[in-house]
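No gaps in the numbering here: position 101 of the sequence shown is 101 in the UniProt record's numbering, and each next residue is one more. Quick notes on the structure that follows.
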Amino acid sequence: MTPTQVANLSNDMTRDWCPQIRTIFENQSPEWSSFLRISTMSPEIRHWQPSTVTLIGDAVHTMAPAGIGCNTALHDAQMLTKYFDEMGVGVDAIAQYELNMRQYGSEGISISMDAGKMMYNLPEVEDMHAVVY
């Protein structure tokens, strides 16, 4: 999309928003507007065999912007260090972290998807296209 098309789209999408917030979009500089791909993954975080390598944050539970992604990543770090402290650094601690992370990570993805549906018409997972890099 061209910058002007992006500006027009953002104005169209926010047409019914609160006037105090709408003014941000109405007064944007079209030549500086850009498109940001919003990515999320399915709330069903797949299981893998625990090892000495694990993932935190968007690397394991990418979620649409809704104000909880960073908090979830910080929670990952907190939980991982908690299990290291309680169980020692090793595969057992990582396995316990991953087991719990799948639960709250999945909940976070679902919450962010619900917010995305309300804020910017995020489609259902089944209607999304896979991102290939």
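All residues carry an ideal CB built from backbone N, CA and C; glycine is no exception. Here the structure is a predicted model, which means the values were calculated and not measured.
With 16 other Cβ atoms within 10 Å as the buried cut-off, status of residue i
i              : result
valine 53      : exposed
aspartate 76   : buried
methionine 113 : buried
leucine 80     : buried
CA nearest to the CA of residue i, picked from the options
i              : options                        : result
tyrosine 83    : Asn71, Asn100, Ala73, Cys70    : Asn100
serine 42      : Phe25, Met119, Gln103          : Gln103
isoleucine 45  : Ser112, Ala130, Gly116, Ser106 : Ser106
alanine 7      : Met79, Ser112, Ser33, Glu86    : Ser33
asparagine 121 : Pro3, Met1, Arg22, Ser39       : Ser39
isoleucine 56  : Pro65, Cys70, Thr23, Thr14     : Cys70
methionine 1   : Leu36, Thr23, Gly116, Gln78    : Leu36
tryptophan 48  : Val91, Cys18, Asp127           : Val91
Three-state class that DSSP yields for residue i in the structure shown
i             : result
glycine 88    : coil
tryptophan 48 : coil
isoleucine 24 : helix
cysteine 70   : helix
arginine 15   : coil
glutamate 124 : coil
proline 65    : coil
serine 39     : coil
valine 53     : coil
serine 106    : helix
Same chain, Cβ closer than 7 Å to residue i, five either side skipped, listed in chain order
i           : result
glycine 108 : His61, Met63, Ile68, Thr72
tyrosine 97 : Thr54, Met79, Leu80, Tyr83
alanine 66  : Ile111, Ser112, Ala115, Gly116
Contact set for residue i: own chain, Cβ-Cβ below 6 Å, skip 5 residues either direction
i             : result
proline 30    : Pro3, Thr4, Ala7
threonine 14  : Arg22, Phe25
isoleucine 94 : Pro50, Thr54
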